[in-house]
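Asks: Dumping the structure here so I can ask a few things about it.
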Amino acid sequence: MKRIVVITGASSGLGRAYAARISEELKPDEVWLIARRKERLLKLAETLPVKGVPVAMDITDRGDMQALKEKLAAENPDIVCLVNAAGMGKTGDVREQTPEEITAMVSLNCTALAEMTSLALPYMKRGAWLIQVASIVAFQPMPGLAVYGATKAFVERFSEALKEELKEDGILVTCVCPYWVKDTEFIGIASEKHEQYRLKPLSLKTAQVIEDTVKAVRRNRMICTPGIVSTFARTASKIVPDQLIMKLLNLYRKK
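Here the sequence shown is numbered in our numbering, starting from 1 and rising by one per residue.
Written out as structure tokens, the structure is:
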């Protein structure tokens, strides 16, 4: 049976980096690279140490997801790792965002992630890795990132419950909750109108997030918080009331 890794959001950022690192780590027969930008996927496939299979599709599109379901059924692979790295975000208050932008965030960050997980699970066995990419904003309500933060809270809670459900099956579930990652496209796209959300002190690099993820999965950790900021935020969220955190965040936003 063919052993494969499936990665969404593989055309850039964390998804692209996961493709390279997990190819080395797990040595699958193939890595299925899922994203909309086919040319980027083709270029990435050429750089991998194993066979890269570009799957150009929109995971929020019903027809595309049905085609993926049929592809999986036809090939019946052994999925040794699923990385749900596809995501999008927009900064700013909810009233500044269009209904279309809000719906797009929820559709991609929540619905598509959950559906992709559901599609993959029947093909995953004991020891398989399930990596869900969330964010530091999963730990508390975030004024100025209200919708994005809520979608990432969904990812964290979904992953936490899923880990318990899959415990007896031996599938390793890890939810990755990084702080800002400086060497990806995300910050520029998400914060094009809001300078305060651009480069931050102690921002992470992609390589650190990837390495910390691999270590966390190997140790069967539920939450991976790369770097000191995300680790502190997770701890603080368990101690400091949400209302106080939001007041502090609002003071920062109004500087």
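We put the CB at the ideal spot given by N, CA and C, even for glycine.
I need the boundaries of the alpha helix (DSSP H) containing Trp103, first residue and last residue.
Replies: Just to set this straight, residue 103 is Thr in the shown sequence, not Trp. Note, Thr103: alpha helix (DSSP H), 99-106.
Asks: In chain order, which continuous runs of the alpha helix (DSSP H) of length 4 or greater are located wholly inside the segment 1-85?
Replies: With a minimum length of 4 residues, the continuous alpha helix (DSSP H) runs that stay inside the segment 1-85 are 13-26, 38-47, 62-75.
Asks: If you draw a straight line from the alpha carbon of Pro77 to that of Thr231, how long is it in whole angstroms?
Replies: Pro77 and Thr231: Cα-Cα distance of roughly 36 Å.
Asks: In whole angstroms, what separates the C-alpha of Leu130 from that of Gly13?
Replies: Cα-Cα distance, rounded: 18 Å.
Asks: In terms of residue numbering, what span does the alpha helix (DSSP H) encompassing Leu113 cover?
Replies: From DSSP, the alpha helix (DSSP H) with Leu113 extends over 113-120.
Asks: Within this structure, are the beta carbons of Ile4 and Ile79 separated by less than 7 Å?
Replies: Contact: yes.
Asks: Rank Ile136, Tyr123, Cys175, Ser159 by C-alpha distance to the C-alpha of Val6 and give the top, closest one.
Replies: For Val6, the nearest C-alpha among the options comes from Tyr123.
Asks: State yes or no: is the C-beta of Tyr179 within less than 7 Å of the C-beta of Leu145?
Replies: Not a contact, by the Cβ cut-off of 7 Å.
Asks: Would you say Pro49 and Ser23 are within 7 Å of each other, going by their C-beta atoms?
Replies: For Pro49 and Ser23, yes; Cβs fall inside 7 Å.
Asks: What does DSSP give as the partner residue(s) for Trp129 in the beta ladder?
Replies: Note: Trp129 sits in a beta bridge opposite Cys81, Leu172.
Asks: Assign Cys224 to one of three DSSP states: helix, strand, or coil.
Replies: DSSP places Cys224 in strand when its eight states are reduced to three.
Asks: My output table needs one value for Leu244: the three-state DSSP class, helix, strand or coil.
Replies: The answer is helix: DSSP assigns Leu244 an H, G or I state.
Asks: For Gln132, is the classification buried or exposed, using 16 other Cβ atoms within 10 angstroms of its Cβ as the cut-off for buried?
Replies: With 16 or more other Cβ atoms within 10 Å, it is buried.
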